[in-house]
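Just so you know, my numbering puts 191 at position 60 of the sequence shown, and the rest follows in order with no gaps. Ideal Cβ placement from N, Cα and C applies to all residues, glycine included. Given the structure is predicted, the values throughout are model-derived calculations rather than measurements.
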Amino acid sequence: MWKERESPLRIEKRFEFGQYSKISKFIGEIEKLCKERDIYPNISFGKNFVSLSIFLENAEISDKEKSFSMDIDKFYLED
132 MWKERESPLR IEKRFEFGQY SKISKFIGEI EKLCKERDIY PNISFGKNFV
182 SLSIFLENAE ISDKEKSFSM DIDKFYLED
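Here you go:
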């Protein structure tokens, strides 16, 4: 589940992985989606996780940002 945060306003999620090789594939899918949707989240990763922060353009999450986050969830579940 994506968590809403304030100051600055954003949504965040951490994705866990059993293998480091899956992280590279996941980030590659995110990269493609970023170019398609023109949304560029902050990404951090380590040995077994990827964390994303999507900074919101308005006071509420837009349909564009909601769709983007749902598609990222789909990439994670497909893996």
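{"Item": "Decide if residue 196 is buried, meaning its Cβ has at least 16 other Cβ atoms within 10 Å, or exposed.", "Value": "buried"}
{"Item": "Report the rounded CA-to-CA distance for residue 158 versus residue 169, giving the unit in angstroms.", "Value": "16 angstroms"}
{"Item": "What is the rounded straight-line gap between the Cα of residue 148 and the Cα of residue 192?", "Value": "27 angstroms"}
{"Item": "So the beta strand (DSSP E) residue 147 belongs to, where does it begin and stop?", "Value": "141–147"}
{"Item": "What residues are listed by DSSP as bridge partners for residue 135?", "Value": "142"}
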